[in-house]
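Everything below concerns the one structure shown next.
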Amino acid sequence: MKTLFQILVISIFLLSIASCNNEVVLNKNIPQGIWIAKDFYNSFQKTKSIIESKKAFDSNNPVGLRINYEEVKDTKLNIGYSFLHSHLIRPEISEFAIKDNNDTIREQGNFRIDLSKVLTDNSFETTEIYPFCYEWKANIKYNSQSQTITLFRPKNERYDTLSIEYVRIDSTFNSDYQFPNPLYFYTRRNLLCGNYLVKDTTGKTIANNFTINPNGLMQGFEKFDNSTIYYSTDVFCGEPVLHDLVIIEEDLLKEDGKSSAFGFNRKDNGDIELRKNKIWEETEGEIIYELIKN
C-alpha cells in the first residue's frame with residue numbers, strides 16, 4: 014500500500030508531464046534585429062540619397078523588418094515593417110498607440126507569424142502584408158547559410174511570384190528605443206546620428222554640443238530640443254523631388270505637435286546643411302543651419 018508521500022510524489026510527476034505536454038513550443042529561429050532589403054541596402058550604402066536610390070527597390074514593398082521577441086503575445090510575433098512610399102511620418106511603436114485626443118495611430122506597417130506553427134522548410138506563414146500580399150499569403154524564413162531573411166510571395170491571379178532578401182544591420186534593441194521603424198532607424202544611422210557644432214546663416218556658432226540620437230531625439234540646441242528628426246523617402250509621386258528632405262516633429266502623438274521641414278545636404282565628411290525647403294526647385298534653398306560633426 015502506497016504511503017501518502019509516495020502518492021504526493023506520483024501526483025506531482027503526473028502533473029509535470031501534463032504541463033509539459035500542454036506547453037506550446039515557440040520556434041524562435043529567425044534572429045532578432047533590424048533587417049533591410051538587400052537591394053535597397055546595397056544602393057543606399059553608396060548613394061546615401063533616396064533620390065539616387067529611387068529605382069533600387071519597389072517603393073510599396075516592405076523595405077525593412079523589425080524582429081523583436083518582446084512583441085510576442087500568446088504564440089504570435091508582431092513584426093513591424095517599413096515601406097518607402099509614405100506621405101505620413103508614423104510613430105515608432107509596436108502595432109499602435111493612442112494619441113492625446115484618443116485617436117488610434119498605428120505604426121507604418123505590421124504583420125504577424127505564429128511561432129508555434131513552423132512549416133517543414135522552417136518558414137512561417139505571415140498574415141496579410143499590405144500591399145505586398147493583400148488577401149493572399151506569404152512566407153518568411155531565415156537562411157542560416159547566407160545569414161539573411163527571405164520574404165516569399167507565391168503566384169496567384171493577382172500577384173507574380175516575388176522573393177525579397179534582407180540583411181541584418183543591427184541585432185539589439187535599446188530599452189529607450191524598443192520598437193524602431195526599420196527604415197527610420199537605418200536612414201538616421203546612415204545620415205544623421207552624431208554630435209555636432211551648429212552654425213547659423215551668418216556662420217556664428219549657436220550650439221557646441223548638439224546631438225542626434227538613434228531614436229531621432231535631438232538635444233543641445235534649444236530650437237530642436239526634444240524634437241525628433243526623420244529622413245524623408247517620399248519621392249515616388251507628384252512633382253519630381255530634386256533635393257533630399259528631413260522632417261522635424263515635436264511629438265507625433267500630440268494633436269497640436271509642431272513640425273518643420275528642411276532641405277538636406279550631407280557632405281562626405283559627415284557635416285550637414287539644413288536648408289530652406291525648396292525640394293521641387295532646381296536651385297537648393299539657402300542654408301539655415303550648418304551642422305559641423307564633432
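So the sequence shown is residues 14 to 307, counted in the numbering used here.
Heads up, the beta-carbon is just placed ideally off N, CA and C, and yes, glycines get one too.
Note that the structure is a prediction, hence the values are computed from the model and not measured.
| Item | Value |
| --- | --- |
| Sort 67, 218 and 43 by Cα distance to residue 321 and report the nearest one. | This structure does not reach residue 321, given that the chain is present from 14 up to 307, and the question cannot be answered. |
| Tell me the rounded alpha-carbon separation between residue 176 and residue 53. | 14 angstroms |
| Kindly indicate which residue of 303, 276, 281 and 86 has the alpha-carbon position closest to the one of residue 291. | 276 |
| Closest by CA to residue 68, which one among 229, 78, 61 and 56? | 56 |
| Got a sec? Which residues, its chain only, sit under 6 angstroms from residue 95 by beta carbon, not counting five neighbours each side? | 76, 77, 121, 194, 195 and 196 |
| Measure the alpha-carbon distance for residue 187 versus residue 170 and round it to whole angstroms. | 43 angstroms |
| Nearest by alpha-carbon distance to residue 298: which of 288, 306 and 66 is it? | 288 |
| Which residue marks the beginning of the beta strand (DSSP E) containing residue 127, and which one marks its end? | 123 to 127 |
| Look at the Cβ atom of residue 4, then the Cβ atom of residue 223, and state whether they are nearer than 8 angstroms. | The question about residue 4 has no answer here: the residues shown for the chain are numbered 14 through 307. |
| DSSP three-state label for residue 103, please. | coil |
| Exposed or buried, what is residue 109 when buried is set at 16 or more other beta-carbons lying within 10 Å of its beta-carbon? | exposed |
| Can you look up residue 60 in the DSSP assignment and give me helix, strand or coil? | helix |
| Opposite residue 153 in the DSSP bridges: which residues? | 137 and 164 |
| May I ask which residues mark the beginning and end of the alpha helix (DSSP H) holding residue 88? | Neither: residue 88 is in no alpha helix (DSSP H) and is coded neither H nor E. |
| Would you give the residue range spanned by the alpha helix (DSSP H) that residue 204 belongs to? | 195 to 204 |
| Buried or exposed: where does residue 35 fall if 16 or more other Cβ atoms within 10 Å of its Cβ makes it buried? | Unreliable positioning characterises residue 35 in this predicted model, as indicated by a pLDDT of 42, which lies under 50. The coordinate reading is nonetheless provided below. When all chains shown are included, residue 35 counts as exposed. |
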